[in-house]
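Going by full-length UniProt numbering, the first residue of the sequence shown is number 1, and it counts up by one from there.
We put the beta carbon where it would ideally sit given N, CA and C, even for glycine.
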Amino acid sequence: MSILIKNGRVLDPDTGKDGIYDVLIEDGLIQKVEPKLDERADTEIDAEGCFVMPGLIDLHVHLRDPGLTYKETVESGASAAARGGFTTIVAMPNTKPVIDDGHKVSYVHNKAKGCTRVHVLQAGAVTKGQEGKELADIEGMVLAGAPAISEDGKSVMDSGLYRKAMKLAAKCDIPVLAHCEDINLVEKGVANADEHMKKLGLKGISNAVEDVIIARDIMLAKETGARLHLCHCSTAGSVKMVAAAKKAGLPVTGEVCPHHFTLCTEDIPEADPNYKMNPPLRTRADVEALRKGLSEGIMDVISTDHAPHSAEEKRKPFQDAPFGIVGLETSAALTYTELVETGLLTPLQMAEKMSSNPARVLGIDKGSLAEGKAADVTVFDPLAEYVIDPATFRSMGKNTPFGGRTVRGLVKATICDGEIAYLESADRHRYHVTRRKPENDSEAD
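Structural data, given as structure tokens:
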């Protein structure tokens, strides 16, 4: 199959390209990236006014399979990923049973191959059953294709055991995707520890819950040489510590989610459980620190922490509802609206945070539109404007705080290994989109 993408603004951090080019895809590979190609192709995509980026990569997704498929399945989650522009996603291991050996990693990989073109990579747990007592079969999971280990949903509180895991990760040359939360400090908290949450009658989770584990993990990365990736950072302190670690030359990277750089605690209306996630929404000062950290290149990656739940679960009172929101189908638009349109990121930096940097964290050969590379491509229309409607989500989870919010930027096409995984034109009947006129030269280019 061949695909010709015409007249798009190619944004490729790997090659440095930022300009109007045509992209020819043949046999699953990027064949040519040149202005005004004359070649014919089986499928042609008119990308005028659109960004053409390396396929987006999400390092932090909960697919809920095995065991929790009433919330999400590999197929529904991958379908949501394709609609959101993601060509590669990393699934977290906190399923039932926990993904803690090679056979379980293979189960997810084999299931994905049978139902989606999206590359689904299954991370392995750090400890057996995520009980924090005994290391999981890390080497066996790596042999089965696990790209990373993570205890996501909790931290390994036994620092000695965690150090052993980090040494093994360094030996296997895989990153540790760290959920940083000192469970001894949580004290049944469900929201940020501040006056607004107190007025809503909600028990607080302080910044220290996250910051003390980040500090520990950075010190262990220094000692073990393991590549440490800090998941869903939410505090101003996390940005400072990542900056210090990088200045010291340590192999540390940081991730921020759209909800954490968009919303703060004051945005939570009357304890709505769709605003409940872990880490919680923080103060405006924390939000500004995260945005600045992304803008200045301190924070490397934008990930979703896509965490679907059933409607029944999210109808419970705030203190009883589960943590988590969905994000695969809103991430690109929120990033463009909140960070690119406001001038905090350039379009090229958006591609870097959502594609090339995640590929670098994993150490995989993706996140590039260089000729000869695998044709994972996202076509994104920055001129499209629409209202987020959870009813249109392909994810089984509709739990989002962004329903009814007007955003700019829509995925037009998602291509995985030279095959079309998603076309917006086939989905357009599901929602109303208006297309703005370019407001400046950068949008028109």
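Those runs of the alpha helix (DSSP H) which lie wholly inside the region 217-252 and span at least 4 residues: Assignment of alpha helix (DSSP H) within the region 217-252, counting only whole runs of 4 or more residues, yields 236-247 in chain order.
Cβ-based burial, residue 467 [other Cβ within 10 Å; buried from 16]: Lying outside 1 to 445, the shown extent of the chain, residue 467 is not represented and no answer is given.
C-alpha distance - Ile213 paired with Asp300, whole-angstrom precision: To locate residue 213, count along the sequence shown from 1; it is residue 213. To locate residue 300, count along the sequence shown from 1; it is residue 300. When the Cα atoms are used, Ile213 and Asp300 turn out to be separated by approximately 19 Å.
4 or more residues per run - each alpha helix (DSSP H) lying fully within the region 241-327: Whole alpha helix (DSSP H) segments, 4+ residues: 258-262, 284-295 and 311-314.
DSSP-derived helix/strand/coil call for Asn94: The residue labelled residue 94 in the question sits at position 94 within the sequence shown. Coil at Asn94, not helix or strand.
Sequence-distant residues of the same chain with beta carbon closer than 6 Å to Glu385, five excluded per side: Counting from one through the sequence shown, the residue named residue 385 turns up at place 385. Setting aside the 5 residues that flank it on each side, Glu385 is surrounded in the same chain by Arg408, Thr434 and Arg436, each with a C-beta closer than 6 Å to its C-beta; the list follows chain order.
Stretch-stretch touch, CB-based, cutoff 8 Å, three pairs: the region 230-240 with the region 30-40: No, the region 230-240 does not touch the region 30-40.
Residues sharing a beta bridge with Met53, DSSP: Reading the sequence shown from its first residue, position 53 is the one you call residue 53. Under DSSP, Met53 shares a beta bridge with Thr378.
Residue span of the beta strand (DSSP E) that contains Val108, given as start and end: Taking the first residue of the sequence shown as 1, we reach residue 108 at position 108. Per DSSP, Val108 lies in no beta strand (DSSP E) segment; the continuous alpha helix (DSSP H) that holds it begins and ends at Gly102 to Lys113.
Buried or exposed (CB count within 10 angstroms, at least 16 for buried), Glu270: On the sequence shown, position 270 is the one that residue 270 refers to. So Glu270 counts as exposed.
Any 3 or more C-beta pairs closer than 8 Å across the region 371-381 and the region 281-298: Under the Cβ criterion (8 Å, minimum of three pairs), the region 371-381 does not count as touching the region 281-298.
Close-in-space but distant-in-sequence residues of the same chain around Asp194 (CB under 7 Å, 5 per side omitted): Numbered from 1 along the sequence shown, position 194 holds the residue referred to as residue 194. Hits under 7 Å: Gly204, Thr265 and Thr283.
One or two residues paired with Gly19 in a DSSP bridge: As a first step, residue 19 must be located in the sequence shown, where it is residue number 19. DSSP output for Gly19 lists Val10 as bridge partner(s).
Alpha-carbon spacing of Thr346 relative to Tyr336, whole angstroms: As a position in the sequence shown, residue 346 is number 346, starting the count at 1. As a position in the sequence shown, residue 336 is number 336, starting the count at 1. Roughly 9 Å separates the two Cα atoms.
First and last residue of the uninterrupted beta strand (DSSP E) at Ala421: Working through the sequence shown from its first residue, we reach residue 421 at position 421. Start and end: Glu419 to Leu423.
In DSSP terms, what Ile149 is bridged to: As a position in the sequence shown, residue 149 is number 149, starting the count at 1. Looking at the DSSP assignment, Ile149 forms a beta bridge with Gly124 and Val176.
Whole-number beta carbon distance between Pro401 and His259, since they are thought to touch under 8 Å: Numbered from its first residue, the sequence shown carries residue 259 at position 259. Numbered from its first residue, the sequence shown carries residue 401 at position 401. About 7 Å separates the two Cβ atoms, so the contact holds.
Distance, Asn184 Cα to Met141 Cα: The count along the sequence shown starts at 1 and reaches residue 141 at position 141. The count along the sequence shown starts at 1 and reaches residue 184 at position 184. Cα-Cα distance, rounded: 29 Å.
Assumed close pair Phe380, Gly16 - CB separation to whole angstroms, cut-off 8 Å: Residue mapping note: residue 380 aligns to position 380 of the sequence shown, counting from 1. Residue mapping note: residue 16 aligns to position 16 of the sequence shown, counting from 1. 19 Å between Cβ atoms; not a contact.
Three-state class that DSSP yields for Ile183 in the structure shown: If you number the sequence shown from 1, residue 183 lands on position 183. In this structure, DSSP gives Ile183 a helical state, which the three-state scheme calls helix.
Terminal residues of the beta strand (DSSP E) in which Gln349 lies: Numbered from 1 along the sequence shown, position 349 holds the residue referred to as residue 349. Where Gln349 is concerned, there is no enclosing beta strand (DSSP E), although the alpha helix (DSSP H) it sits in stretches over Pro347 to Ala351.
Three-state class that DSSP yields for Thr335 in the structure shown: Position 335 of the sequence shown holds residue 335. Assigned with DSSP and collapsed to three states, Thr335 falls in helix.
Which listed residue (Leu339, Phe323 and Gly249) has its alpha carbon closest to that of Phe261: Walking along the sequence shown from the start, residue 261 turns up at place 261. With distances taken between Cα atoms, Phe261 lies closest to Leu339.
Segment limits, alpha helix (DSSP H) that includes Lys199: The count along the sequence shown starts at 1 and reaches residue 199 at position 199. Looking at the DSSP string, the run of the alpha helix (DSSP H) that includes Lys199 is Glu195 to Lys199.
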